[in-house]
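This report concerns only the one structure given below.
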Amino acid sequence: MAEGLLRQQLVERDVEALIHSAGRLESGRAAAKHGVDVLADRGIDVGSHRSKTNSASLLEPAGLVLAMAREHVRDAVALAPAVWPRVFTLKELVRRGEEVGPRREDESLSAWLATCHEGRNRRDLLGQSSDDDIDDPYGQSRKAFEQLADELDLLIQRLVALLWPFPPVGLH
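FYI, the numbering for the sequence shown is 3 to 174, going by my numbering.
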């Protein structure tokens, strides 16, 4: 769901970016029906989406890695330790980004992320936290997926506003 919502936000802002989604599930699984339906109601087609298992080869070249929960950040760092400065939960990056302020037009994505990364401690990734983790509604009702879509949409809007507060000309 997050990938579809992010793609939509970037298209609306005319931002060019490569977006990939990966996780713990084995590759090839279809998206949850409720998720597909909820996004379809918002004009986003993720019906052809298939899961992809996370790997170092996907993580290492990424300019930014967004996770839904701390455990996913831990998994990413275990697979590709060098991604630590640029892997965040969505909630954490929005929170930290709002603390440091929007990216300047002359500031690269990596420089802005480095500022957001300052002061982070790997121990902060232990356990779970409602401050950082987004609950996965897999196996729950359509209403749970609607609530997730609302939460993700708001967080992604806030993130995109932080990353591209100026007229976009592609991913810097």
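Using N, Cα and C, we set each Cβ at its ideal position, and we do this for glycine too.
Among the residues of its own chain, which have a CB less than 6 Å from the CB of residue i, if the five just before and after it don't count?
i, result
"Arg52", "Gly30"
"Trp86", "Val79"
"Leu127", "Arg72, Val75, Arg76"
Would you list the one or two residues that DSSP bridges to residue i?
i, result
"Leu68", "Phe90"
"Thr55", "Gly25"
"Ala4", "BP columns for Ala4 are empty, so no partner."
"Ala82", "None; Ala82 has no bridge partner."
Residues in its own chain within less than 7 Å of residue i by CB, not counting five upstream and five downstream?
i, result
"Trp114", "Arg105"
Please report the Cβ distance between residue i and residue j, rounded to the nearest whole angstrom; I am assuming they are in contact, meaning their Cβ atoms lie under 8 Å.
i, j, result
"Met3", "Leu150", "6 Å"
"Leu66", "Leu111", "7 Å"
"Leu60", "His36", "About 26 Å; that fails the 8 Å criterion."
"Gln11", "Gln159", "6 Å"
"Glu100", "Leu164", "7 Å"
Here's a check: name, in chain order, each residue in its chain whose Cβ is nearer than 8 Å to the Cβ of residue i, leaving out the five neighbours to either side.
i, result
"Gln181", "Any answer about residue 181 is impossible in this case: the structure gives the chain only from 3 up to 174."
"Arg26", "Thr55, Asn56, His74, Asp77"
In the DSSP assignment, find the unbroken alpha helix (DSSP H) run with residue i in it and report its ends.
i, result
"Val162", "144-165"
"Ala33", "Where Ala33 is concerned, there is no enclosing alpha helix (DSSP H), given that its DSSP letter is neither H nor E."
"Ala19", "Note, Ala19: premise wrong, no alpha helix (DSSP H); not H, not E."
"Arg115", "The question names Arg, but residue 115 in the sequence shown is Leu. It spans 111-119 - the alpha helix (DSSP H) in which Leu115 sits, taken as one unbroken run."
(message) Measuring CB atoms only, is the region 131-144 touching the region 69-87, in the sense that at least three cross pairs come out at less than 8 Å?
(response) Flag = yes, the region 131-144 and the region 69-87 touch.
(message) Does the contact criterion of 3 or more C-beta pairs under 8 Å hold for the region 95-108 versus the region 45-61?
(response) Judged by Cβ distances under 8 Å, the region 95-108 makes no contact with the region 45-61, as fewer than three pairs qualify.
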